[in-house]
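Notes follow once the structure below has been shown.
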Amino acid sequence: MKFLKIMSAVFLSVVSFELFLTYSPFVGGVSPVRYDPDIGMWHKSNFHYVYSKDCYNTEYAFDERGLIKNSYSYNPDKQDVIILGDSYIEALMIKNENIVHNSLYREYKGQFNFLNYGLGGTGPTQHLEILKKFPDMRRAQYLIEFISLDEGWGRDLEEVDPGEFGWSNRPLVHLKFSDLDHFEIIKPPSMN
Numbered sequence: 003m004k005f006l007k008i009m010s011a012v013f014l015s016v017v018s019f020e021l022f023l024t025y026s027p028f029v030g031g032v033s034p035v036r037y038d039p040d041i042g043m044w045h046k047s048n049f050h051y052v053y054s055k056d057c058y059n060t061e062y063a064f065d066e067r068g069l070i071k072n073s074y075s076y077n078p079d080k081q082d083v084i085i086l087g088d089s090y091i092e093a094l095m096i097k098n099e100n101i102v103h104n105s106l107y108r109e110y111k112g113q114f115n116f117l118n119y120g121l122g123g124t125g126p127t128q129h130l131e132i133l134k135k136f137p138d139m140r141r142a143q144y145l146i147e148f149i150s151l152d153e154g155w156g157r158d159l160e161e162v163d164p165g166e167f168g169w170s171n172r173p174l175v176h177l178k179f180s181d182l183d184h185f186e187i188i189k190p191p192s193m194n
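Per the numbering used here, the very first residue in the sequence shown carries number 3; after that it's consecutive.
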């Protein structure tokens, strides 16, 4: 009888473990971003993870600045091209060598350092704050901003209503207009 109890316990443990692995609540549950008091959220530094959904299973990594890693070595002797955009530019589900900054680097035969400051769930206001905080603009030769007309402009309420966080539920930078020519930037709320 004791043997039967032990075997039943082992069997149930194995089945339970398999079910946990198959339907784990932790799958994809590690956030690639951290709170930033100036822009809301930014990529974690030196972070590596596998983005896994039904149709893809892709490794991605961020460098020491929180940028999507380049597939080439940064060359300080070359000018930078700053790339801004939302999740289409961040492209965590795409193989690194095929993300826009690495594709442009190949297309321009290594003439510039293409730096990807894309961040999912962002719009033009966030892009401005990212631009003001992170890149060294003295090194920038060009700036490319990608805006999705399907989504990026749909964030209008998120951009101007400090109580609105949109689908991402992330802290965002907001604009407060006194009239069409005057506005102030409202920093994201503290996460404390």
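Glycine residues also receive a C-beta, built at the ideal position from the N, C-alpha and C atoms. Computed from a predicted structure; not experimentally measured.
Using 8 angstroms for Cβ pairs, my map puts residue i next to residue j. What's the rounded Cβ distance?
{"i": "F148", "j": "Y62", "result": "No, F148 and Y62 are not in contact; Cβ-Cβ is about 18 angstroms, not under 8 angstroms."}
{"i": "A195", "j": "V102", "result": "Outside the displayed span of the chain (3 to 194) sits residue 195, for which this structure offers no information."}
{"i": "T127", "j": "H184", "result": "With a Cβ gap of about 15 angstroms, T127 and H184 do not count as contacting."}
Between which two residues does the beta strand (DSSP E) containing residue i stretch?
{"i": "V83", "result": "D82 to L86"}
{"i": "V52", "result": "H50 to S54"}
{"i": "S180", "result": "H176 to D181"}
{"i": "I187", "result": "H184 to I188"}
{"i": "E66", "result": "Looking at the DSSP string, E66 is not in any beta strand (DSSP E), and its letter there is neither H nor E."}
{"i": "E147", "result": "A142 to E147"}
Counting only the same chain and skipping the five closest in sequence on each side, list residues whose C-beta sits under 8 angstroms from that of residue i.
{"i": "V2", "result": "Nothing can be reported for residue 2, as the shown portion of the chain is limited to 3 through 194."}
{"i": "Y74", "result": "N104, Y107 and G112"}
{"i": "E66", "result": "S47 and N48"}
{"i": "G122", "result": "D88, S89, E92, L94 and S170"}
Quick check: the Cα distance between residue i and residue j, rounded to an integer number of angstroms?
{"i": "V16", "j": "L69", "result": "41 angstroms"}
{"i": "I96", "j": "K71", "result": "12 angstroms"}
{"i": "Y110", "j": "E99", "result": "14 angstroms"}
{"i": "F19", "j": "F64", "result": "32 angstroms"}
{"i": "P265", "j": "Q81", "result": "Residue 265 lies beyond the stretch modelled for the chain, which goes from 3 to 194, so this question has no answer here."}
{"i": "L14", "j": "M3", "result": "16 angstroms"}
{"i": "D88", "j": "F179", "result": "24 angstroms"}
{"i": "K7", "j": "K55", "result": "39 angstroms"}
{"i": "R140", "j": "L182", "result": "30 angstroms"}
{"i": "S150", "j": "L130", "result": "16 angstroms"}
{"i": "K189", "j": "L174", "result": "7 angstroms"}
{"i": "L21", "j": "S192", "result": "38 angstroms"}
{"i": "W44", "j": "N59", "result": "22 angstroms"}
{"i": "I146", "j": "V12", "result": "58 angstroms"}
Residue range of the alpha helix (DSSP H) that residue i falls in?
{"i": "Y90", "result": "S89 to E92"}
{"i": "I41", "result": "Element bounds for I41: n/a, residue is neither H nor E."}
{"i": "I132", "result": "P126 to K135"}
{"i": "V102", "result": "V102 to E109"}
Return the chain-ordered list of same chain residues with a C-beta closer than 6 angstroms to the C-beta of residue i, the five sequence neighbours on each side being excluded.
{"i": "W155", "result": "Summary for W155: the model assigns pLDDT 48, below 50, so the residue's position carries little reliability, and this model does not support an answer."}
{"i": "G144", "result": "A quick correction: the sequence has Tyr, not Gly, at residue 144. So the qualifying residues of the chain are V83."}
{"i": "C57", "result": "none"}
{"i": "A142", "result": "D82 and I84"}
{"i": "R36", "result": "K46"}
Among the residues of its own chain, which have a CB less than 7 angstroms from the CB of residue i, if the five just before and after it don't count?
{"i": "Y119", "result": "L69, I84, I85, L86, I132, F136 and P137"}
{"i": "N77", "result": "N115"}
{"i": "E186", "result": "K178"}
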